[in-house]
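Sequential numbering from 1008 applies to the first sequence in my numbering.
From the three backbone atoms N, C-alpha and C, an ideal C-beta is built for every residue, glycine too.
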Amino acid sequence: MIDLRRLRDDADYRAGIERKRVGADLIDATLQLDDERRRILTEIEELRARQNTASKEIGRTPADARPEKIAAATALKQELAGKEPVLAELERRLRELALQIPNPADASVPDGGEDDAEVVRTVGETGPAPAFDHAALAEALGLVDMDRAAQASGSRFAYLQHEAVLLELALVQWVVSTLVAEGFVPVVPPVLVRESTMEEAGFFPTDRNQVYDVDGGELFLVGTSEIPLSALQRGEILDVAELPLRYAGVSTCFRREAGTYGKDTRGIFRVHQFDKVEMFSFVHPDRSWDELDAILAIEESLIQRLGFPYRVVDIAAGDLGAAAAKKYDVEVWLPSEGRYRELMSASNYLEYSARRLGTRVRTDAATRFVHTLNGTACAISRTLVFLFEHCQSSDGGLVVPEVLRPYCGLELVEPRG
RNA sequence: GGAGGGAUGCGAGAGCGGCCGAAUCGGAUGGUCUCGAAAACCAUUGUGGGGCAACCCACCGUGGGUUCAAAUCCCACUCCCUCCGCCA
């Protein structure tokens, strides 16, 4: 949720929103509704003040002198009854519009439209395409069965089998252990949440079409554990000493991937269901930029230990999504495609979702909204994709990355005879 | 699935339809006392909104309703607890 007061007073704030290519008409309509709302609110509050005074006076009046005063108060009541529905309707419409306005892009975010991300750094040497692409290798080794998954569930689903399962469990174990050492509290959250939780996390209404709903629309399957994690401190006013709160969510993620027909159809690069370890932080509002750097550093360290060549990009304003004020993507080189593809991201939401969640911190000066951040620690299926290409052995098998060996007890995945 | 009980401020816990934004205890913060500390005593201590100064409005699980007036009465919903049944 944006800050309406800043929207009308702070030109930079508005400019940051417009850099996300939001129509000026949406902002203007919102401000106009807000003006009307405040006008009526003032009228109503004045009426209420008069009514409160009148009622209190009735309480002090002897019974026989009351009827006349009650009649006068009834008139006030009726006047209010005419205006209150108008205010309620204005507030409803205002909220509907305000929810559609994205978090302003931070001033440091590069300009430009989509696909104009700025490369922050590149690490590692890119190599030539391997003998097999990830999908072919996974099928040959019996690690992924998408044909039968399509029979059972449709396109973009997969059965992970054999060593792929051991690799998944090893990745989760390794990454969670790493995060616990960094002060993250590991959490397996609910993956079904209410509409209000979706909205408070900043996903509804903007990303509604990406979400599966179940139980007749009562509950929604989360696309990331960020959603239930953000709800952990809903409505709370925290003490300064309690921050930062770092959580590592481990969950299955569900995404409709609407609007991606024909894109990334090979293998498990883009699927409707995958498991992911996600970092989520609640921090003091003065500390969120440091936290963003810290989350990014953890992500890079994980990739480096897997040995993948990658680059970090600073996502341009037009491609940021509703909630993020700034976002880095970590893209790994995918040899079969000869380009970098997204594996992780790290975002600073500032107070955007904290406003909706009502999560605040009591500081010496005032009670302020906390800042929330999130970052991918390990999206399993995509990590496997890169692993299938970068860790191929010359005989068509896999060499398990060093860091995972203690967790899966495997050094090699042999070609199946 | 059936039957009851409950939801109040940081925590515990009162609260006759008007004098309750809310008793009391505890916690926290500041002060007095002390060489220092403890104890004791005094004071302060919810959130949001409009003007943004005085002041005013709203909030006692959520949403409706009754009333001149509702934490207090009525209805619905959500959540928690206890008991019974069922499944693991």
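Cβ pair P1117, I1024 closer than 8 Å = no
How should Q1039 be labelled, buried or exposed, when 16 other C-beta atoms within 10 angstroms of its C-beta is the threshold for buried?
-> exposed
Does DSSP put E1358 in a helix, in a strand, or in coil?
-> coil
Burial state of T1390 (16 or more Cβ within 10 Å) = Buried, since its Cβ has 16 or more Cβ neighbours within 10 Å.
Separation of R1318 from R1128, as counted between CA atoms | 6 Å
The stretch 1190-1205 in contact with the stretch 1247-1258 per 3-pair CB rule at 8 Å = yes
Can you give me the start and stop residues for the alpha helix (DSSP H) that N1059 sits inside?
-> 1031-1067
Below 8 Å, can you find three or more Cβ-Cβ pairs linking the stretch 1303-1317 to the stretch 1008-1024?
-> Taking 8 Å as the limit for Cβ pairs, the verdict is that the stretch 1008-1024 does not touch the stretch 1303-1317.
Under 6 Å Cβ to Cβ from Y1414, same chain only, skipping five residues before and after it: list those, please.
-> A1177, Q1180, W1181
Cβ shell of A1056 (< 7 Å), same chain only, five flanking positions each side left out | Excluding residues up to 5 positions away in sequence, nothing lies with its Cβ nearer than 7 Å to the Cβ of A1056 in the same chain.
What does D1152 pair with, by DSSP beta-bridge criteria?
-> Y1166
What separation, rounded to the nearest whole angstrom, lies between the Cα atoms of T1185 and L1417?
-> 20 Å
Do L1245 and R1367 have their C-beta atoms within less than 8 Å of each other?
-> For the pair L1245 and R1367, the CB atoms are nearer than the 8 Å cut-off.
Residues sharing a beta bridge with L1228, DSSP = L1199
Beta strand (DSSP E) containing P1193: first to last residue?
-> 1192-1194
Nearest-angstrom Cα separation, counted from C1385 out to F1281 | 11 Å
Go to L1011, then tell me how far its alpha helix (DSSP H) extends in each direction, as first and last residue.
-> 1011-1016
For F1276, I'd like the list of residues in its chain whose CB is within less than 6 Å of its CB, leaving aside the five on either flank, ordered along the chain.
-> The residues are V1392.
Which value, in whole angstroms, describes the spacing of the CA atoms of L1350 and E1421?
-> In a straight line, the C-alpha of L1350 is about 26 Å away from that of E1421.
What are the start and end residues of each continuous alpha helix (DSSP H) run of 4 or more residues lying completely inside the stretch 1205-1265, in chain order?
-> 1233-1237
Tell me the start and end of each unbroken alpha helix (DSSP H) in the stretch 1059-1139 that is at least 4 residues and wholly inside, in chain order.
-> 1073-1105
Reduced DSSP secondary structure (H/G/I, E/B, other) of R1294 = coil
Among G1266, S1288, Y1268, N1216, nearest to S1232 - alpha-carbon criterion | S1288
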